[in-house]
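Written below as structure tokens is the structure these notes are about.
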Amino acid sequence: MVRQLNLCDSLFRLMKISQGPTLELPLEQVQAAFDANVFSVLRVNRAVFPHMAARKRGMFITIGSVVAQRYGAPHSC
Amino acid sequence: MTLLNADFPLSSPLPWGGIYAATKSAVHTISDALEMECRPFNIKVLLVAPGGVKSNIAANQSYDPPPDALYRKYLDKILARRDISQASPMPTDVFAKQVIMKALAPSPSSYMTLGKSAILFWFLAWFPRRWVLSYFWKRFGDIS
Chain C
1 MVRQLNLCDS LFRLMKISQG PTLELPLEQV QAAFDANVFS VLRVNRAVFP
51 HMAARKRGMF ITIGSVVAQR YGAPHSC
Chain A
78 MTLLNADFPL SSPLPWGGIY AATKSAVHTI SDALEMECRP FNIKVLLVAP
128 GGVKSNIAAN QSYDPPPDAL YRKYLDKILA RRDISQASPM PTDVFAKQVI
178 MKALAPSPSS YMTLGKSAIL FWFLAWFPRR WVLSYFWKRF GDIS
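The listed protein sequences derive, respectively, from chains C and A.
First residue of the first sequence: 1, per the numbering used here; consecutive thereafter.
First residue of the second sequence: 78, per the numbering used here; consecutive thereafter.
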């Protein structure tokens, strides 16, 4: 995997949705959603970070969402 | 200029998508932190905030409430809400091309938003938050 990433430099991922009432979605599903959407980002980024850092180049591309809150100056589209 | 420097919430969760939005908000914060912490290593960070993009995201999702669920009567709304991102979404290849173009730019920015309704969400970020939440509830949640 690292060899492949050395070639492509960038990392692109898509994630999982978890739909339902906040307080009635089974907690296992909530944990699975955080595992797939949040912890996956940390796991993969940690795996490739030393290799990108050693080469002083690379890019982390992360897929968020328009429904996520993000405070700060609005960016242009 | 003053307005552009003000702190505005960019976007809001939709009803029935609170957990999903919470995971994505966490990802946004992590990406912003990485944008700073990766600077010593010359690693770039690009956070993509898509609206509707063609995928199996809704088809892969089932919600089957137990018989005693308090929100059972909202099931139609919940399922309809689940499917809206896949109603005339941006084609996947168009999305991918735009992201790659941005990523390969000489000085790529660290954030982009695109896809169906991305402009709407950007626009709504300038509205009072309580108004936006009321609007989303009326449109996607309320059955009265």
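Note that beta-carbon positions come from the ideal geometry of N, C-alpha and C, so glycine has one too.
These numbers come from a predicted model, not from an experiment.
Is there a C-beta anywhere in chain C that falls below 9 Å from the one on residue i?
i	result
A/Arg207	no
A/Ile220	no
A/Ser165	no
A/Phe217	no
A/Lys150	no
A/Tyr212	no
A/Ser108	yes
A/Arg159	yes
A/Val176	yes
A/Ile125	Reading the sequence as shown, one finds Val at residue 125 of chain A and not Ile. Closer than 9 Å: yes.
Starting from residue i, trace the alpha helix (DSSP H) both ways and give me its first and last residue.
i	result
A/Leu111	95-114
A/Phe200	195-201
C/Val66	It is not in any alpha helix (DSSP H) - C/Val66 carries neither H nor E in the DSSP assignment.
C/Asn45	40-55
A/Tyr212	206-217
A/Ala118	Note that residue 118 of chain A corresponds to Phe in the displayed sequence, not to Ala. Counting along the chain, A/Phe118 falls outside any alpha helix (DSSP H), and DSSP gives it neither H nor E.
A/Leu156	152-160
C/Leu27	27-34
Is there at least one non-hydrogen atom of the ligand ZN closer than 8 Å to the beta-carbon of residue i?
i	result
A/Phe204	In the structure shown, the ligand ZN is absent, as is every other ligand, since no ligand is present at all.
Could you name the residues that DSSP lists as bridge partners for residue i?
i	result
A/Tyr188	A/Leu124
A/Val130	A/Met167
Please confirm whether residue i has its beta-carbon closer than 9 Å to some beta-carbon of chain A.
i	result
C/Ala36	yes
C/Val67	yes
C/Glu24	yes
C/Arg57	yes
C/Val30	yes
C/Ala53	yes
C/Gly33	The sequence shown places Ala at residue 33 of chain C, not Gly. With 9 Å as the cut-off, C/Ala33 counts as an interface residue toward chain A.
In the DSSP assignment, the beta strand (DSSP E) including residue i goes from what residue to what residue?
i	result
C/Phe60	59-63
Short-range partners of chain C found in the region 92-105 of chain A, where Cβ spacing is below 9 Å:
Residues are counted here when their Cβ sits less than 9 Å from a Cβ of chain C; for the region 92-105 of chain A these are Pro92, Trp93, Gly94, Gly95, Ile96, Tyr97, Ala98, Ala99, Thr100, Lys101, Ser102, Ala103, Val104, His105, given in chain order.
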